[in-house]
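Data block below; observations after.
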Amino acid sequence: MVTIAERLNNAYDRIAKAEQNSHKTDPVQLLAVSKTKPIELIQQAYDAGQRLFGESYVQEAVDKVTHFKQCRDIEWHFIGPIQSNKSRHIAEHFSWVQSVDRVKIARRLNEQRPTNLKPLNVLIQVNISEDENKSGCLPAEVQALADFIHDSKQLSLRGLMTITAKTDDLLIQKQYFQQMKDCFDRLKAQYPQIDTLSMGMSGDLEPAVAAGATMVRIGTDIFGQRQ
Ligand SMILES: *Cc1c(COP(=O)(O)O)cnc(C)c1O
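Following this note's numbering, the numbering of the sequence shown begins with -14 at its first residue and continues without gaps.
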């Protein structure tokens, strides 16, 4: 049996190799995506030293955040689609949300973020492949949404996230990651405080890191296949 600790180590090794190959100096962060996986596996990852966790389904996520309330050093990231009637749970339980793609949701999160908590860290999700079936705003919409988030007191604009369309064409994949990096650099010219470009998953972390990802989101390679 391969343990969660060993799988985590393997993931960190993959990231380290990808960093070396692209001569990166700033460490790339690893978000462990634990959606659909039981508390016990999250506990094992925590015991192995993992502190950043990502969840996609609101009810399940709130149960897990509540369970781990005592582990104050866990940083929970919401990475799933956001329905407006569920936004309050995200505003109240998470420290990061990576999947904001419209002003309506940003406005609700800002209004619903409790004032005794630090501002909610926000990444704008970009539909870089402009695929009709994917969530995320279009690259042309990033600017207006970033301005809105920046002006929202209870939100902190931190950068961009993307889920790229599955493709076997490595050139097209590289192109999408590069377009995200360009989009990130344009935004950073205006908002120098942004520091997070979240892209790359179990299947494509190497090209994502090569293009400039600062955070990769790994589920399957750490916790195993999902149902
Ligand atoms: C599920 C999920 C991941 C993890 O994908 P794996 O292929 O299992 O590594 C990453 N990002 C988002 C937004 C996800 O929903």
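We treat Cβ as the ideally placed atom computed from N, Cα and C, and that holds for glycine.
Is Gly188 near ligand 1, in the sense that its beta carbon is under 7 Å from a heavy atom of that ligand?
Under cutoff, so the answer is yes.
Just to confirm the assignment, what range does the beta strand (DSSP E) spanning Thr181 have?
181 to 183 is the extent of the beta strand (DSSP E) around Thr181.
Among the residues of its own chain, which have a CB less than 7 Å from the CB of Ser7, if the five just before and after it don't count?
Closer than 7 Å at Cβ, skipping near neighbours: Val194, Ala195.
Taking C-alpha atoms, which residue in Glu25, Ala17, Thr51, Leu26 lies nearest to Arg36?
Measuring from the Cα of Arg36, the nearest candidate turns out to be Ala17.
In chain order, which continuous runs of the alpha helix (DSSP H) of length 4 or greater are located wholly inside the segment 165 to 207?
With a minimum length of 4 residues, the continuous alpha helix (DSSP H) runs that stay inside the segment 165 to 207 are 190 to 196.
Tell me which residues share the same chain as Phe169 and place their Cβ nearer than 8 Å to its Cβ, disregarding the 5 neighbours each side in the sequence.
Counting only Cβ-Cβ distances below 8 Å, and skipping sequence neighbours, we find Gly144, Leu145, Ile179, Leu182, Gly197.
Comparing the CB of Thr199 with every heavy atom of ligand 1, is any distance shorter than 7 Å?
Flag unset: Cβ of Thr199 not near ligand 1.
Can you find the residues in the same chain that come closer than 6 Å, C-beta to C-beta, to Lys89, ignoring five residues on each side of it along the sequence?
Within the same chain, Lys89 has no close Cβ partners at all.
Which of the three DSSP states is assigned to Arg216 in this structure?
The chain is shown only over -14 to 212; residue 216 falls outside these bounds and no answer can be derived.
Flag Lys49 as yes when its Cβ comes closer than 7 Å to any non-hydrogen atom of ligand 1, and as no otherwise.
No.
Please list the terminal residues of the continuous alpha helix (DSSP H) segment that includes Ala33.
Note, Ala33: premise wrong, no alpha helix (DSSP H); not H, not E.
When the distance is taken between beta carbons, is Ile148 closer than 8 Å to Ala(-4)?
No, the Cβ-Cβ distance between Ala(-4) and Ile148 is not below 8 Å.
Of the residues Ile64, Asp116, Ala131, Asp189, which one's Cα is nearest the Cα of Ala174?
Among Ile64, Asp116, Ala131, Asp189, the Cα nearest to that of Ala174 is on Ala131.
Is Ser19 close to ligand 1? I mean its beta-carbon at under 7 Å from any heavy atom of the ligand.
Checking the Cβ of Ser19 against ligand 1 gives no.
Any idea if His52 is buried or exposed, counting beta-carbon neighbours within 10 angstroms, 16 or more meaning buried?
Counting Cβ neighbours within 10 Å, His52 comes out exposed, since fewer than 16 surround it.
Give a yes or no on whether 8 Å exceeds the smallest Cβ distance from Asp180 to chain B.
Reference to chain B is not applicable here, since this structure consists of a single protein chain.
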